[in-house]
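Written below as structure tokens is the structure these notes are about.
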Amino acid sequence: CIEISVKSVRIFDPMEVFEKERACRARTEYYVLPAMNDLKISKEELNKYDMESYKYSSLKKGQDLSETFSIREYAEGDSIKGIHWKLSGKMGRLMIRVPSLPIENSLMVILDKRYMSEINEAEKAEEAAGLFLSISNTLEKQSLRHSIGWYDYISCDFEWREIVSPDSLREASMELISTPFRRDCVSGVDRFLESDVEKNYASYIYVTDSEEAEKDIERLREYGEVKIYNPKNFI
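Here's what the structure looks like:
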């Protein structure tokens with residue numbers, strides 16, 4: 164994100180004989196986004212994310228009869244499609260399945276915005292951000308709804324955005340590069356786990372070049388499947 168500001172301007176005639184200085188205060192920003200490539204993610208892996216794109220709520224009922232929220236006695240107005248005939252036969256009265264509420268968007272891509280060394284910091288940051296956004300770009304092109312998240316060292320909050328279109332990815336990209344990478348002993352995963360963001364995702368992708376990435380994601384695996392993407396493997 165290049166910030167350009169002007170405090171004064173000098174105006175010349177075409178022959179540059181006369182000049183006049185004027186006060187002029189203006190400011191603008193120009194975003195140079197990392198290259199977003201199409202990654203070669205296997206069909207098996209994409210299908211896995213697609214199959215796991217629905218996770219069912221244990222707190223709210225919904226309309227999906229393929230998953231059961233609870234079972235109760237039939238009441239007037241209930242759909243006949245929800246009747247649990249086998250259980251009704253055993254109980255001697257009509258019992259009905261209460262359908263579950265699917266929670267969509269259950270894939271989260273997390274970027275670890277830490278400098279892991281003092282060597283080529285800017286280059287490392289660009290590689291990590293490029294891979295992070297390329298993963299999201301690849302998923303979006305496959306029509307796989309997902310969220311992306313990172314720790315903001317300015318607001319000191321874990322930020323996350325739902326990606327549902329190219330425009331939403333572009334907006335999130337500009338927010339991402341508007342905040343710095345920092346040296347930090349706390350991983351991006353730990354920042355996510357300590358945040359108020361709901362941990363209702365079925366799968367996670369963690370973008371980091373940390374040598375302790377496997378250790379970092381131990382706690383995250385309690386919430387879902389986790390895959391590590393290291394930028395150095397995609398250079």
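Residue numbers (the numbering used here): 164 to 398.
From the three backbone atoms N, C-alpha and C, an ideal C-beta is built for every residue, glycine too.
#1: So, at 6 Å on beta carbons, what are the nonlocal neighbours of PHE344 in its own chain, with the 5 sequence-adjacent residues on each side left out?
#2: Secondary structure at ARG382, three-state DSSP: helix, strand or coil?
#3: Between ARG384, GLU303, SER299 and ALA292, which lies nearest to VAL195 when the distance is taken from Cα to Cα?
#4: Compare the Cα-Cα distances from GLU375 to each of GLY387, ILE368, ILE391 and TYR367 and report the closest residue.
#5: Leaving out the 5 sequence neighbours to the left and right, which residues in its chain are closer than 6 Å to GLU290 when beta-carbon positions are compared?
#6: Is the beta carbon of TRP313 less than 7 Å from the beta carbon of VAL360?
#7: Where does VAL352 sit, in a helix, a strand or coil, going by DSSP?
#8: Cα separation between PHE321 and MET271?
#9: How big is the Cα-Cα spacing for GLU385 and ILE326?
#10: Taking Cβ positions, are MET399 and ASN300 nearer each other than 7 Å?
#11: Using only the alpha-carbon positions, how far apart do ILE340 and ARG190 sit?
#12: Which residues in the same chain have their Cβ closer than 7 Å to the Cβ of CYS164, if we skip the five residues on either side of it in sequence?
#13: Using three-state DSSP, classify GLY225 as helix, strand or coil.
#14: Which whole-angstrom value is the C-beta distance of VAL389 and LEU294, which I expect to be below 8 Å?
#15: Closest to PRO197 by C-alpha separation, out of ARG256, ARG333 and ILE273, would be which residue?
In terms of the structure at hand:
#1: LYS276, TYR278 and ALA288
#2: coil
#3: ALA292
#4: ILE391
#5: PRO394
#6: no
#7: helix
#8: 13 Å
#9: 24 Å
#10: With the chain represented from 164 up to 398, any question about residue 399 goes unanswered, as that position is not in the structure.
#11: 18 Å
#12: GLU192, TYR194, ILE340 and SER341
#13: Legend: pLDDT at GLY225 = 43, less than 50; position of this residue unreliable, value from coordinates given subsequently. It is a strand residue.
#14: At roughly 16 Å, the Cβ-Cβ gap does not stay under 8 Å, so VAL389 and LEU294 are not in contact.
#15: ARG333
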